[in-house]
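One structure below.
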Amino acid sequence: MTVGSIGPAEVSPIGTTLERHLLDRQRRMPEATGDFTGLFQQITLASKIIASRVSKAGLSGILGLTGKTNVQGEAVQKLDMFANNTIVSTVEAGGHVCVMGSEEIEQPIPVPIQYPQGKYVLQFDPLDGSGNIDINASIGTIFSIHRRISPDGTPGTLEDLLQPGRDIIAAGYVVYGSSNMLVYSTGVGADGFTYDPGVGEFFLSHPDIRIPDRGAIYSINEGNYHNWDEHIQRWVDWIKTPNENKKAYRLRYIGAMVADLHRTLLRGGIFAYPQDVKNRKGKLRLLYEANPMAFLVEAAGGAASDGKNRILDIKPKELHQRTPVFMGSPSDVADLLRFVGD
Ligand code: AHG
Ligand code: MN
Ligand code: MN
């Protein structure tokens with residue numbers, strides 16, 4: 012029989028919770044006020060509420076369309092608006108943000124004047140891949156945080172939202188899949204947490220995610236082949252054909268950027284949504300899809316390009332701006348760039 016003793020934190024039997032991870036980070040930054048940690052806790056709470064509702068989607072009679080379209084002209088499913096409203100109402104009264112931007116809301120979302128106007132700017136895609144809801148496939152929430160550039164204490168502005176991705180101070184996503192996972196980064200390294208529904212907490216399960224330099228998977232909607240320009244067609248022809256230097260890459264496409272990029276972060280390879288004759292500027296949105304995911308991919312050692320420029324260097328002009336997206340393992344993105352640079 013062994014006699015137990017109270018040991019140091021590193022032998023904690025409970026593992027590292029997301030809250031503990033955030034507090035450890037805050038303690039390492041003497042200038043930190045706790046605002047960032049507070050905002051993150053509100054986002055986490057919103058994601059738990061969304062996860063709970065998503066897991067009951069088939070039961071609660073909330074599947075289907077609201078009958079409305081979002082600002083992109085796409086049909087909005089009820090869970091999209093539920094997720095949007097959950098994030099807004101969880102965050103707006105917390106005193107940490109001054110303005111928000113969401114895929115589902117055409118204009119900047121102000122913080123009501125009865126609440127403090129905080130120092131951060133939050134952008135989000137409340138549910139990414141919402142076409143997957145009705146077939147019980149993975150979906151997710153994507154978000155980024157900037158520091159405000161407008162004067163402290165005043166309502167936030169559109170300019171606060173139109174900051175380049177390189178000025179993001181933290182970004183993350185939650186993927187609602189066979190388990191629910193939250194991955195976040197504050198710029199160097201990315202850490203992944205798996206949700207334990209019995210406890211109601213995210214626990215560190217994937218510390219310091221590093222994307223492999225090269226993968227063996229390409230992820231693209233190949234049904235658009237005949238709408239692509241010849242550079243993209245040639246690249247896809249090349250990547251799926253074995254030659255003396257490489258095997259054929261395998262194709263995987265979930266149809267939710269958040270889930271396709273989650274796999275890409277862990278396994279390597281490349282995710283692409285190029286421009287095509289229908290989507291001349293690409294389909295994915297710069298501010299709340301491409302930028303947060305590019306920030307995470309780069310933080311994990313990957314690369315993210317629009318085919319010409321680093322995504323994080325694009326200066327946004329509009330809240331719902333679209334961009335072509337090529338991101339993943341650095342060597343796989345470099346190969347792609349050789350084709351589109353022809
Ligand atoms: P959302 O559900 O937020 O509108 O995003 C869907 C996006 C993205 O997640 C995915 O990569 C892409 O649309 C899939 O588009 P296609 O169906 O055109 O391949
Ligand atoms: Mn999306
Ligand atoms: Mn969405």
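Residue 174 in the working numbering is what sits at position 163 of the sequence shown, and the numbering runs on without skipping anything.
The beta carbon of each residue, even a glycine, is placed where N, CA and C say it ideally should be.
In this text, all values refer to a predicted model and were calculated from it rather than measured experimentally.
Using only alpha-carbon positions, find the residue among His107, Ile144 and Asp207 that is nearest to Gly69. Minimum Cα distance to Gly69 is reached at Ile144.
Exercise. Give me the Cα-Cα distance between Gly84 and Asp139, rounded to the nearest whole angstrom.
Key: Each residue's Cα considered, the two are about 15 Å apart.
_Can you tell me whether Asp145 sits near ligand 1, meaning its C-beta is under 7 Å from at least one heavy atom of the ligand?_
For ligand 1, not one heavy atom lies less than 7 Å from the Cβ of Asp145.
Please tell me whether Gly293 and Pro303 are closer than 8 Å, where the distance is taken between their beta carbons.
Annotated as distal: Gly293 and Pro303, with beta-carbon spacing of 8 Å or more.
Helix, strand or coil at Met40 [DSSP, three-state]: The answer is coil: DSSP assigns Met40 none of H, G, I, E or B.
*Local Cβ density within 10 Å of Gln125, reported as buried at 16 or more and exposed below that*: Looking at its Cβ environment, which holds fewer than 16 other Cβ atoms inside 10 Å, Gln125 is exposed.
Check: Can you give the beta carbon distance from Val269 to Ile153, rounded, assuming they're within the 8 Å contact cut?
Finding: Val269 to Ile153, Cβ: 6 Å. Contact.
| With distances taken between CB atoms, is the gap from Tyr260 to Asp271 smaller than 8 Å? | No. Outside cutoff.
Notebook entry, point to check: When the Cα of Gly105 is compared with those of Gly198, Leu56 and Pro41, which residue comes out closest?
Noted result: Check the Cα spacing between Gly105 and each of Gly198, Leu56 and Pro41: the tightest is with Leu56.
| Measuring from the CB of Lys300, is there a heavy atom of ligand 2 at a distance below 7 Å? | According to the sequence shown, residue 300 is Glu rather than Lys. Inclusion of Glu300 in the 7 Å shell around ligand 2 follows from its C-beta lying nearer than that to a non-hydrogen atom of the ligand.
Anyone know if the C-beta pair for Leu276 and Gln332 falls short of 8 Å?
Going by C-beta atoms, Leu276 is not nearer than 8 Å to Gln332.
- Exposed or buried, which one is Tyr236 when buried takes at least 16 other CB atoms within 10 Å? The residue is exposed, with fewer than 16 neighbouring Cβ atoms inside 10 Å.
- Please state whether DSSP places Gly112 in a helix, a strand or coil. Shown here, Gly112 sits in a strand according to DSSP, grouped into three states.
Let me check you understand the geometry: is the CB of Asn320 closer than 7 Å to at least one non-hydrogen atom of ligand 5? Among the ligands in the structure shown, ligand 5 does not appear; only ligand 1, ligand 2 and ligand 3 can be found there.
Would you mind stating whether Arg31 and Thr197 have Cβ atoms separated by less than 8 Å? No, the Cβ-Cβ distance between Arg31 and Thr197 is not below 8 Å.
6 Å CB neighbourhood of Asp202 in its chain, flanking five on each side removed: Spatial neighbours of Asp202 in its own chain (CB-CB distance under 6 Å, excluding positions within 5 residues in sequence) are listed in chain order as Pro218.
**Asked** Do Glu114 and ligand 1 come close, with the Cβ less than 7 Å from some heavy atom?
**Response** Shortest gap from the CB of Glu114 to any heavy atom of ligand 1: under 7 Å.
When DSSP labels each residue in this structure, what does Thr152 get in the three-state scheme?
Correct three-state label for Thr152: strand.
Among Ala283, Gly352 and Arg225, the one whose alpha carbon lies nearest that of Ser340: Minimum Cα-Cα distance from Ser340 among the listed residues Ala283, Gly352 and Arg225 corresponds to Arg225.
task: Determine the DSSP secondary structure at Tyr236, reduced to helix, strand or coil.
output: In this structure, DSSP gives Tyr236 a helical state, which the three-state scheme calls helix.
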